[in-house]
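> Have a look at this one before I ask anything.
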Amino acid sequence: MRLYNSLTKEIDEFKPASQIVGLYTCGPTVYDYVTIGNWRTYILGDIVYRALKYNGLEVNYVMNLTDVGHLTGDNLGDADTGEDRMEKAKKREGKGAFEIAQFYIDDFLSSYKDLNLLPPNTFARATEHISEQIDLIKKLEEKGLTYNIDDGVYFDTIAFEAKGYKYGELSNLDKIKAGARVEFNQQKKNPRDFALWKFSPKDEKRDMEWESPWGTGFPGWHIECSAMSMKYLGEQFDIHVGGEDLKSTHHPNEIAQSEGATDKSPFVKCWMHGAFLQVDGGKMGKSLGNAYSLHDIVEKRFSPMALRYFYFSSHYRSSLNFTWEALEASQNAYNRLLVHIENLGEESGSADSNYLKSFNDFIDNDLEVSRALALLWDLLKDDSIEDSVKLATVAEFDKVLGLDLIETSRKNKNQQLPKEVEDLASKRHLAREDKDWVLSDSLRQDIEKLGYEVKDLPNGDQMIRKNN
Ligand code: AMP
Ligand code: ZN
């Protein structure tokens, strides 16, 4: 399998270091609903996981849940400044920080399932690994890689480099210049240094704070990923996934902490970064009102699988632009795919080896999922392949694509009309009786989005059948 490695900046042949592949994805900060931008990155983690398993490898997959220490300054160029996102949410929602974390974790897990991501072996929560994080900071302290200032314990990047390591290999170093958009803490020895442990403010009692050898406080944002990945995957492991923004500080800091503590290099062999999702050609952001969650998608009557299909319209290292029109096109394509599969019948033969070979080639070439999806369409339209063979081949492809194709098409087939469509149809019937043409038209569109066509019969009834 060949994967692009941000560390070597090349597509490398991936060879696992041991029998079991260690895979880690930086997960969500659970202070708000996870956005469709974040989901693009988690789907990348899922595809990597599925592709490794598809290649017959055993994988130990870990994803963290950040429920403490991720400060708002991160967006402004200095992750050690600003307010803890959990504390900010506390003020916004008037609930305790732990309660907020639990709410958004539960929400994340339910969307995770709806988007058909395979559960990792471990979801590791930062607040449940405080002692591991303290132990790691102690190790760094013993190695002379830390110093204390008024607001916390910091990692000393100069001392790290003095030991022969290079800091920031993943990133463009000039991007980590201090004070890019915020005043940096003048007590820091070097602008690139970062907090390992932050002290609680003197005048404020935080919900989330712990005793430590250095004083009461909470861990910095980066230390959790080093502590938890090494706990579950060992001091060195194979693949680490995240969004491209993490290349500039979070991941270089993870590398520095881990290699500084263990003296083993490289901490991770292959670093994979997904390009950002844009919305309507621009940045996605809470303040812009376009940081959509999966709930926003479902509320507009799109299925989570349509979103998953939409992500596959571009390679993971290329940017992707979300628009509602593009999602609608993905929903239609997904529905059509299901109809094709429904029409293949029930009997499954053995998969077609030529198609499987092409599919493997695409996936093994740095996860060319869009081309794999195009191949799926070619297969379905190929008259020389028997239906039972097609069905078996689709099932194989879907092990990686995760579009839930077989199950969903089976369900659709066995159910004359999905309940959702039936409900909409009866609402539309009532709207027409009331001569509310605007409502009836909008309900028709909703029905069409779900892949059905409505025809009005002369007797006032409506006939609904699947779009082809
Ligand atoms: P956060 O919750 O901000 O810590 O982000 C969680 C993950 O989502 C990280 O891997 C980010 O790099 C990634 N991410 C954030 N915004 C986007 C976006 N617009 N597109 C793709 N990935 C994103
Ligand atoms: Zn991380």
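Just so we're aligned, residue 12 is where the sequence shown starts under my numbering, counting upward by one. Glycine residues also receive a C-beta, built at the ideal position from the N, C-alpha and C atoms. All of these numbers come straight from a predicted model, not from anything done at the bench.
#1: Apply the 10 Å Cβ neighbour rule to residue 13 and answer buried if 16 or more other Cβ atoms are within range, or exposed otherwise.
#2: In the structure shown, what three-state DSSP assignment does residue 54 receive?
#3: Under 8 angstroms from any heavy atom of the ligand ZN, does the C-beta of residue 262 make it?
#4: Got a sec: does the ligand ZN put a non-hydrogen atom nearer than 8 angstroms to the Cβ of residue 104?
#5: For residue 141, which residues of its own chain have a beta-carbon under 6 angstroms away from its beta-carbon, when the five flanking residues on both sides are left out?
#6: Express the C-alpha separation of residue 359 and residue 96 in angstroms, rounding to a whole number.
#7: Please confirm whether residue 56 and residue 44 have their CB atoms less than 9 angstroms apart.
#8: Report yes or no: do the stretch 354-372 and the stretch 296-316 share at least 3 C-beta pairs separated by less than 8 angstroms?
#9: Determine the closest residue to residue 242 out of 195, 98, 278, with distance taken between C-alpha atoms.
#10: Cα-Cα, which of 102, 27, 123, 32 is closest to residue 304?
#11: In the DSSP output, what is residue 32 paired with across the bridge?
#12: In chain order, what are the residue ranges of uninterrupted beta strand (DSSP E) at least 3 long that sit wholly in the stretch 201-288?
#13: Checking contacts by CB at 9 angstroms: is residue 101 closer than that to chain C?
#14: Name the one or two DSSP bridge partners that residue 304 has.
#15: Can you check which of these residues, 99, 178, 24, 41, is closest to residue 78 by C-alpha distance?
#16: Is it true that the CB of residue 217 sits closer than 9 angstroms to the CB of residue 98?
#17: Beta-carbon within less than 8 angstroms of residue 432's beta-carbon, same chain only, minus the 5 sequence neighbours each way: which residues are those?
#18: What does DSSP give as the partner residues of residue 196 in its beta bridges?
#19: Hey, which residues come within less than 5 angstroms of the ligand GDP, measuring from Cβ to any heavy atom, in chain order?
#20: Of all the options 327, 70, 319, 400, which has the alpha carbon lying nearest to the alpha carbon of residue 377?
#21: Taking the Cβ atom as the reference point for each residue, do residue 454 and residue 438 lie within a distance shorter than 9 angstroms?
#22: Do the stretch 288-305 and the stretch 204-216 make contact, defined as three or more Cβ pairs closer than 8 angstroms?
#23: Per DSSP, which residues does residue 136 bridge with? Please list them.
#24: Thinking just about the alpha-carbon of each residue, which of 66, 60, 46 is nearest to the one in residue 372?
#25: Let me know the secondary structure DSSP gives residue 21 once reduced to three states.
#26: Go ahead and pull the three-state DSSP assignment for residue 539.
#27: For the alpha helix (DSSP H) containing residue 425, list its first residue and its last residue.
#28: Tell me which residue opens and which closes the alpha helix (DSSP H) that residue 119 is part of.
#29: Only counting the same chain, and skipping five residues up and downstream in sequence, which positions put a Cβ closer than 7 angstroms to that of residue 334?
Answer, in terms of the structure:
#1: Residue 13 comes out exposed.
#2: DSSP places residue 54 in the helix class (H, G or I) of the three-state scheme.
#3: Yes, the Cβ of residue 262 comes within 8 angstroms of a heavy atom of the ligand ZN.
#4: The ligand ZN never approaches residue 104 closely enough for any of its heavy atoms to be under 8 angstroms from the residue's Cβ.
#5: So the list reads 221, once near-sequence residues are dropped.
#6: Rounded to whole angstroms, residue 96 to residue 359 spans 50 angstroms at the Cα level.
#7: When the beta-carbon positions are compared, residue 56 and residue 44 stay at least 9 angstroms from each other.
#8: Segments in contact, no.
#9: The candidate whose alpha carbon is nearest that of residue 242 is 278.
#10: Of 102, 27, 123, 32, the smallest CA-CA separation from residue 304 is found for 123.
#11: DSSP, once it has assigned bridges, lists 70 as partnering residue 32.
#12: Complete beta strand (DSSP E) runs here, min 3: 205-210, 228-230, 248-254, 279-285.
#13: Of the chains in the structure shown, none is chain C; there is only one protein chain.
#14: Residue 304 is bridged by DSSP to 46.
#15: The option with the nearest alpha carbon to residue 78 is 41.
#16: Yes; because the gap between Cβ atoms is below 9 angstroms, this pair is in contact.
#17: Within the same chain, residue 432 has close Cβ partners 458, 461, 463, 475.
#18: Residue 196 is not bridged to any residue.
#19: Absence of the ligand GDP is noted for the structure shown, with the ligand AMP and the ligand ZN being the only ligands found.
#20: The residue with the shortest Cα to Cα distance from residue 377 is 327.
#21: Residue 438 sits close to residue 454, with the two beta carbons spaced by under 9 angstroms.
#22: Contact fails: fewer than three Cβ-Cβ distances are below 8 angstroms.
#23: As computed with DSSP, residue 136 is found in a beta bridge with 76.
#24: The shortest Cα separation from residue 372 among 66, 60, 46 belongs to 66.
#25: In this structure, DSSP gives residue 21 an extended state, which the three-state scheme calls strand.
#26: Within the shown structure, residues of the chain are numbered from 12 to 479, placing residue 539 beyond reach of any answer.
#27: It spans 416-425 - the alpha helix (DSSP H) in which residue 425 sits, taken as one unbroken run.
#28: The continuous alpha helix (DSSP H) containing residue 119 extends over residues 108-125.
#29: Apart from the 5 residues on each side of it in sequence, residue 334 sits with its Cβ closer than 7 angstroms to the Cβ of 291 in its chain, given in chain order.
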